[in-house]
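Below you'll find the structure, written out as structure tokens, and then a few comments.
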Amino acid sequence: MKPNLRGLLSETLVPCYFIFGDSLVDNGNNNARNTLAKASYPPHGIDYPDGPTGRFTNGRNVADIVAELLGFNNHIPQFATASGNTILNGVNYGSGGAGILDNTGKQFFAALLIEQYSRKLRDLYTSGARKVAIFGLGPIGCVPTAIKGPLNGTSCISRTNDAVQIFNSKVKSLVDVLNKDLVGFKYTNIPCCTMSTRGGLSFLRTDFVYFDGFHPTEVAVAIVAKQAFSAQSPSDAYPFDIQHLAKVR
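Taken in order, the sequence shown gives residues 22 to 270; the numbers are from the numbering used here.
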């Protein structure tokens, strides 16, 4: 492993770091699952020191970079292989294709998603979690997969992005409710940055936002992670960034 930020912090800002999510944070869990959603082959991992590991991008994902910013010397291990004392530092439960609801993939109202999301977050609180950073959705209607076909890559699907905005606004409100209701629990909402529609695999991957039809490149997620960790404005993180969240007692 060769994290770019190693050595900047003498010790970790938090004792452990647990990750939940989909393919945007999956670091190899799907390798051990019976699923077509795998990233264990080239060109995935083309810029990662260990090559293809199951990350759905060319290098590190956002969970990896946040781990480095928090001061961890190694990326958080995947649930599929984590064992022994390594789990004391945290576990990555991310899995490509995962969703809030069991029947992910169908159309559901944002209110239902938020209701289920709230229950799962409260379950984390009951299990002992006290500091949680929630990443919002990006403009899904602008990813390469969404705009190809009839749109011919010339525009975004507004109805999809409108639904994303509704969900993100409800997530922000949920953060306020949970911070008020759960004593000692600190949530912060990290909206995804606005990304362009330029995508595709390139030998100059630093010039592109998207690695494939849906997943961003390492350079794109690095921007998101750094803004989430050290926000320059309330639009980057609400009510505070990850660095502040880590220091809250």
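Glycine included, C-beta positions come from ideal geometry on N, C-alpha and C.
Cα-Cα separation, D257 to K152
Within the sequence shown, numbered from 1, the residue matching residue 257 stands at position 236. Within the sequence shown, numbered from 1, the residue matching residue 152 stands at position 131. Per the coordinates, the alpha-carbon of D257 lies some 18 Å from the alpha-carbon of K152.
DSSP three-state assignment for V198, whether helix, strand or coil:
Here residue 198 corresponds to residue number 177 of the sequence shown, with the count starting at 1. Of the three classes helix, strand and coil, the one that applies to V198 here is helix, per DSSP.
Check whether the stretch 174–187 and the stretch 227–246 touch, using three or more Cβ-Cβ pairs below 8 Å as the test.
Taking one beta carbon from each stretch, the stretch 174–187 and the stretch 227–246 have fewer than 3 pairs nearer than 8 Å; the two do not touch.
Kindly indicate which residue of R81, C163 and R54 has the alpha-carbon position closest to the one of G234.
Residue numbering aside, residue 234 sits at position 213 when the sequence shown is read from its first letter. Nearest C-alpha to G234: C163.
What do you reckon, are the CB atoms on V112 and F39 nearer than 7 Å?
For this step, residue 112 is matched to residue 91 along the sequence shown. For this step, residue 39 is matched to residue 18 along the sequence shown. Closer than 7 Å, so yes.
To the nearest angstrom, how far is the alpha carbon of S217 from that of V230?
Counting from one through the sequence shown, the residue named residue 217 turns up at place 196. Counting from one through the sequence shown, the residue named residue 230 turns up at place 209. Model confidence at S217 stands at a pLDDT of 44, short of 50, so the residue's coordinates are unreliable; what they give is reported in the following sentence. So the two alpha carbons sit approximately 7 Å from each other.
Length of the line joining the Cα atoms of N200 and F156
Within the sequence shown, residue 200 is the residue found at index 179, counting from 1. Within the sequence shown, residue 156 is the residue found at index 135, counting from 1. C-alpha separation (whole angstroms): 16 Å.
Boundaries (first-last residue) of the alpha helix (DSSP H) holding A167:
On the sequence shown, position 146 is the one that residue 167 refers to. Where A167 is concerned, the enclosing alpha helix (DSSP H) starts and stops at P165 to I168.
Beta-carbon gap between A167 and G117 smaller than 7 Å:
Mapped onto the sequence shown, residue 167 falls at position 146. Mapped onto the sequence shown, residue 117 falls at position 96. Note that the C-beta distance between A167 and G117 is not below 7 Å.
Can you grab the Cα-Cα spacing for the pair D228 / R81, in whole Å?
Mapped onto the sequence shown, residue 228 falls at position 207. Mapped onto the sequence shown, residue 81 falls at position 60. Rounded to whole angstroms, D228 to R81 spans 16 Å at the Cα level.
Measure the C-alpha to C-alpha separation of N50 and S44 and round it to an integer number of angstroms.
As a working note, residue 50 is residue 29 in the sequence shown. As a working note, residue 44 is residue 23 in the sequence shown. About 10 Å.
Quick check on the burial criterion: 16 or more other C-beta atoms within 10 angstroms. Buried or exposed for D85?
Locating residue 85 in the sequence shown gives position 64, counting from the first residue. A buried status is given to D85, since no fewer than 16 other beta-carbon atoms sit within 10 Å of its beta-carbon.
I67 and N79 closer than 7 Å at C-beta
Residue 67 sits at position 46 when you count from the first residue of the sequence shown. Residue 79 sits at position 58 when you count from the first residue of the sequence shown. Between I67 and N79, the C-beta spacing is below 7 Å.
I need the straight-line Cα distance from F232 to F77, nearest angstrom please.
Along the sequence shown, one-based indexing puts residue 232 at 211. Along the sequence shown, one-based indexing puts residue 77 at 56. Spanning the two alpha carbons is a distance of roughly 8 Å.
Which two residues bound the contiguous beta strand (DSSP E) that contains K247?
The residue given as residue 247 occupies position 226 in the sequence shown. Looking at the DSSP string, K247 is not in any beta strand (DSSP E); the run it does join, the alpha helix (DSSP H), is E239 to F250.
Which residues does DSSP pair with N52 in a beta bridge?
The residue you call residue 52 lines up with position 31 of the sequence shown. Per DSSP, none; premise fails for N52.
With burial defined as no fewer than 16 other Cβ atoms inside 10 Å of the residue's Cβ, what is the status of L266: buried or exposed?
Reading the sequence shown from its first residue, position 245 is the one you call residue 266. Per the 10 Å Cβ criterion, buried.
What are the boundary residues of the alpha helix (DSSP H) that K141 is part of?
Translated into positions along the sequence shown, residue 141 becomes position 120. Looking at the DSSP string, the run of the alpha helix (DSSP H) that includes K141 is A131 to T147.
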